[in-house]
Amino acid sequence: MNPQNESIIQDLVWSIRRLVRAVYLDSQKISKRYGLTGPQSAVVRNLYNNGPMSSADLSRNLFVTPSNITGIIDRLEKKQLVERIKKKGDRRVALITLTNSGNELSKTLPDPIMKKFIAELADLEPEHVQLLAMAMNQILNLIDAEMIKGEPLELSSEPVAIEQEETFH
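Take the sequence shown: its position 141, counting from 1, is numbered 122 in this note's numbering, and each next residue is one higher.
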């Protein structure tokens, strides 16, 4: 390793760890206070912002697999926060909708850390944002991270891509 790079690389790795930890702690805060995992709170937020939708649409919006979204919805249904309602005209499709309890809970959920991140990025000069984007893409390429396939994230208050829900509860 180039000795000049060693300190910079250590700082970069430390920064990535801090970022991962911040996202984790944000998820833990919601879990502890509201009894929801990060993915569960993202589903509740998405339904609150966009209204009833199919599990396939939720899966696409939140970048999780269809089988994973089914498990998340099942757990939210057990908590009586969402319900499945058969779609008129096509009884094979169920629309996922918030219950009254889910609707009330969604009004109290804090903004996800990603919303703050997007707001802070929006205040930077475009050239700086472009440099950050290029650097992040290079980091992802260095670790051969699988890119999430889907539409680019919009600058909105809607939930963004989320981690897969842990299944060892």
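Backbone N, C-alpha and C define an ideal beta-carbon position, used for all residues, glycine too.
| query | Alpha carbon to alpha carbon, what distance is there between residue 3 and residue 70? | reply | 45 Å
| message | Just to confirm the assignment, what range does the alpha helix (DSSP H) spanning residue 54 have? | response | 47 to 59
| task | Take the Cβ of residue 105 as the centre, count every other Cβ of all protein chains shown within 10 Å, and call the residue buried at 16 or more, exposed below. | result | exposed
| said: Which same chain residues end up closer than 8 Å to residue 25 when comparing Cβ atoms and leaving out the 5 residues on each side of it in sequence? | reply: 17, 57, 62, 63, 79, 83, 86, 87 and 90
| task | Compute the Euclidean distance between the alpha carbons of residue -16 and residue 76, then round it to the nearest angstrom. | result | 57 Å
| Between residue 94 and residue 7, is the Cβ-Cβ spacing less than 8 Å? | yes
| query | Among 41, 115 and 28, which residue has its Cα nearest to the Cα of residue 65? | reply | 28
| query | By the 10 Å Cβ neighbour count, where 16 or more other Cβ atoms means buried, how is residue 11 classified, buried or exposed? | reply | buried
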